[in-house]
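First the structure, in the form of structure tokens, and then the observations on it.
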Amino acid sequence: MSKFKCSHCQLVFDENSAITNDSGQKFCCSGCKNVYEILHESGFDEFYSRLGKSTLSPQNSLTITKQSVQSLYKEFVKNEDGFNKINLVIEGIHCSACIWLNEKVLHSMPGVIEASVNATNNKATVVWDEELIGLAEILTGLNAVGYRAYAYDISREEERMAAKRREFYMKLLVGIFCVMNIMWIAVSQYAGYFSGIDASVRDILNFAEFLLTTPVLFYTGSAFFSGAKIALKTKTPNMDLLVITGASLAYVYSIYAMFSRTGEVYFDSVAMIITFVFAGKFLEILSKKRASDTIDGLNLLTLSEVCVLNGENLEQKNARDVVAGETIVLKAGDKVLIDGIIKSGEASFDLSSLNGESIPVVLAKDESVKSGSICLDGLVYYTASANFESSLLSKIIAMLENATLKKPKIEQFANEISPKFSLIVLGIALATFFYYLSTTSFQNALIIAISVIVIACPCALALATPVATLCALGVGLKKGVIFKEAKFIESLAKCDTVVFDKTGTLTNSALVISEFVNFKDFDDGVILALANASSHPVSMAVAKFLCKNQPAELTNVKEFVAKGVSASLDDKILLGGSARFMRENQISCGSDDAQYFVAFNGELVAKFILKDELRKSAKECVDTLKSLGIRPLILSGDTQQNVKKVADELGIEFWAGVLPDEKAEFISELVLNSHQVAFVGDGINDSIAMSLAQIGVCMGSGADVSLERSDVALLNNDLAAFTSAVKLSRATLRKIKQNLFFSLCYNAFTLPLAVMGLIIPLFAAISMSLSSLVVVLNSLALRREFKEKNG
1 MSKFKCSHCQ LVFDENSAIT NDSGQKFCCS GCKNVYEILH ESGFDEFYSR LGKSTLSPQN
61 SLTITKQSVQ SLYKEFVKNE DGFNKINLVI EGIHCSACIW LNEKVLHSMP GVIEASVNAT
121 NNKATVVWDE ELIGLAEILT GLNAVGYRAY AYDISREEER MAAKRREFYM KLLVGIFCVM
181 NIMWIAVSQY AGYFSGIDAS VRDILNFAEF LLTTPVLFYT GSAFFSGAKI ALKTKTPNMD
241 LLVITGASLA YVYSIYAMFS RTGEVYFDSV AMIITFVFAG KFLEILSKKR ASDTIDGLNL
301 LTLSEVCVLN GENLEQKNAR DVVAGETIVL KAGDKVLIDG IIKSGEASFD LSSLNGESIP
361 VVLAKDESVK SGSICLDGLV YYTASANFES SLLSKIIAML ENATLKKPKI EQFANEISPK
421 FSLIVLGIAL ATFFYYLSTT SFQNALIIAI SVIVIACPCA LALATPVATL CALGVGLKKG
481 VIFKEAKFIE SLAKCDTVVF DKTGTLTNSA LVISEFVNFK DFDDGVILAL ANASSHPVSM
541 AVAKFLCKNQ PAELTNVKEF VAKGVSASLD DKILLGGSAR FMRENQISCG SDDAQYFVAF
601 NGELVAKFIL KDELRKSAKE CVDTLKSLGI RPLILSGDTQ QNVKKVADEL GIEFWAGVLP
661 DEKAEFISEL VLNSHQVAFV GDGINDSIAM SLAQIGVCMG SGADVSLERS DVALLNNDLA
721 AFTSAVKLSR ATLRKIKQNL FFSLCYNAFT LPLAVMGLII PLFAAISMSL SSLVVVLNSL
781 ALRREFKEKN G
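Going by the UniProt record's numbering, 148 is the number at position 148 of the sequence shown; the sequence numbering is gapless.
Structure, rendered in structure tokens:
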């Protein structure tokens, strides 16, 4: 009976069950035939060339209805800017070709705005226009080409991870149990070499070791086989490939030696290699879990419920189901999951998770409460000002998760080296085998080659950066610092110049009027109305000073960014703003000692002299930067006199009267002169300058604005957080370099010893596992060291 290979899944099947299409291609089932025709008609034939020799599972159809989708997926669909968005986990993805096909299929659907598939966890993010396509059609389209998708559910993922941990424990227990028994047998064998042992007894002991080693290799070591399979399929050698190659060679040779009764068996070495490396991997996973505990802890909050006031009754409601305008009740010990404004009541709140401040803050009626804080005492009723996805906590979680996906350049470099290093090790092992084969026995050559394969550790090289980065993200959050991407940790560590905006950054954003001069009898309500037309800190200070007056009605109000405001009153022009703005409008205002002038019908009528106070931590921040070899300077739109006063107090260079576009030009010039620049501002008027600097840092009074516009967000108004960010980034980069140096030195030292035949496979496995643990533990030490030095 003839055998055929299915034109879609590439599995072999009998001729009798073949299904043929009009073009003569043969398929194992109608499902595969339908998928092939869909891909061919859609122009996705490239998928099969990308698939190569890989095989797929035969395809079965799945009925997906609009009603079933609405009932099962409703809570997972978000509406953003008029479009729907969902995170899906796609089953059936085997390789990069599958990822390519899924993205192509999704993008080809009319109405799908955005689609991307994460190669590490098969998680897809899909954005679509509900008017053009429904979720049921999207899921059906994926199923039609052989893949099943379901909503990404955090609780389900937690259950899946728990099941994986149980499986991990079981495999480790099997390995330890078998190795302990193998050790007793090995002791008997080694004792027999000195006291004499009957050949038949020795054969029985060898067979007993074989029986105990087999489950260790194929059950405990199954993860290594899976990793090695992926390495071969993707042509990127990894640690799993090295471990399983060495263990399998020793296992096969030992079976040959056992049945031929020639040479020595190495079943004990096989079992110990697999168990020790697996145990090392287990400890490594636990350590990495510790590093990511901060992010995991925040993610678990998304599963929590809040107490919502429904009429006169209280009901528990999932945080994701709460909408803006609903009334939420907070009791002592409750975590705030949604932003809002307090309606009634008063309570103390712990804001340490947001800004690192350990002293509780008392909040009362009409004050805003931010998600991520904890109600320590009291009872508060507050109105939700946003839904969960738009609240600060959700944005922080999204940013931290996104940061772990964006790799620093130094990590990308290490990841590029790792597979090449594994390939070189395999080459060295092969050369070592043939060298010793020509000078010693086959058995000795094989064991030395196995030691070379097992002792090399590309895993330590690959772990050098990501674990340190995870620790830094967690420590940063506790200090009130969020890095938008992990690569910005590296960028900030390399900064040699820090440019500060003045108002709201080095000084308190709330300016104070120190002197008010009214040149003519002029209505203060008119000035109040003019000041209210701008959100600039100077205008806001004037408005606050005149707040007891009744604002007048103005027409033709127009704001000039960083300059002032113009308006019409009784068909005459009213101007309010800086001295520069006055001069541009041909109005003489004398000196620049005031930040705000008012002119009516071309004549100066009033001026306000303002003062701003340095933030408590500004001087300490600047002094710390100088001690670290970083050049701090001020770039401000304020007057020469005011900026000079602050600069002299801090002892740094300054540029005054600089408009937003001029700030951008200044930053560009610094970057062109090969400076690594960080710009620290309020994230509102300085967005252009921030985007041109290597690092944009936003102060935190508008933390949600910061999250959108900056590379690094300070979740409070304390420059000590920026000092912590700089120190943390440098400490992290130092840890990464230490890890890379250690891993490279370890391999440079141990590989030659293994090539010279000075290390047996068992010790090779132990040292390889320990090298990975050293890298992970060194990274974890960052949390303790930073706390001790900067806490």
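Ideal placement from N, C-alpha and C gives every residue a C-beta, glycine not left out. Keep in mind it's a predicted model, so treat the numbers as computed, not measured.
Here DSSP, grouped into helix, strand and coil, assigns G474 to helix. Under the three-state reduction of DSSP output, K85 falls in the strand class. By the C-beta density criterion, P551 is buried, having at least 16 other C-beta atoms within 10 angstroms. With a cut-off of 8 Å on Cβ pairs, the region 331-343 is in contact with the region 383-390, counting three or more such pairs. Between the region 662-676 and the region 692-699 there are three or more inter-stretch CB-CB distances shorter than 8 Å, so the stretches are counted as touching. In this model, A533 and N318 are separated by some 40 Å (Cα to Cα). Between D718 and S617, the C-beta gap is smaller than 7 Å, which places the two residues in contact. Look at S451 here: in three-state DSSP terms it is helix. For V517, the enclosing beta strand (DSSP E) starts and ends at 512-518.
Taken through DSSP and simplified to helix, strand or coil, T327 comes out as strand. Just so you know, the alpha carbons of M699 and N508 end up roughly 11 Å apart. A straight line joining the alpha-carbon of E137 with that of V308 spans about 35 Å.
Comparing alpha-carbon positions, the option among Y381, V561, T723, A208 lying closest to S254 turns out to be A208. The continuous alpha helix (DSSP H) containing I527 extends over residues 524-532. Nearest to N518 by C-alpha distance, out of L492, G590, I587, F597, is F597. Membership of Y746 in the alpha helix (DSSP H) is indicated by the continuous run 720-755. Annotation: L782 to K171 spans about 31 Å, alpha carbon to alpha carbon. Nearest in C-alpha terms to V755, of all of R580, N642, K663, I455, is I455. Fully contained in the region 531-563 are the following alpha helix (DSSP H) runs of length 4 or more, in chain order: 537-545. For V201, the enclosing alpha helix (DSSP H) stretches over residues 199-215.
The beta-carbon separation of S771 and A468, rounded to 16 Å, does not stay under the 8 Å limit for a contact. Just measuring C-alpha positions, the residue of E114, L106, A149, G141 sitting nearest E91 is A149.
Residue range 640-650 is occupied by the alpha helix (DSSP H) that includes D648. By the criterion of a C-beta distance shorter than 7 Å, D334 is surrounded in its chain by C375, once the five residues flanking it on both sides are discounted. Annotated as proximal: E130 and N84, with beta-carbon spacing under 7 Å. The C-beta of K484 has 16 or more other C-beta atoms within 10 Å across all chains shown, which makes the residue buried.
DSSP, read as helix, strand or coil, puts T245 in helix.
Around the beta carbon of D366, fewer than 16 other beta carbons sit within 10 angstroms, so the residue counts as exposed. Looking at the DSSP output, R615 shares a beta bridge with no other residue. Contact between the region 638-658 and the region 545-559 is absent: fewer than three C-beta pairs spanning the two stretches fall below 8 Å. V481 sits in a strand when the DSSP states are folded into three classes. For S385, the three-state secondary structure derived from DSSP is coil.
In this structure, DSSP gives S368 an extended state, which the three-state scheme calls strand.
Under the three-pair Cβ rule at 8 Å, the region 472-490 counts as touching the region 724-742.
For Y596, the secondary structure class from DSSP, reduced to helix, strand or coil, is strand.
Per DSSP, the continuous beta strand (DSSP E) segment holding T125 begins and ends at 123-128.
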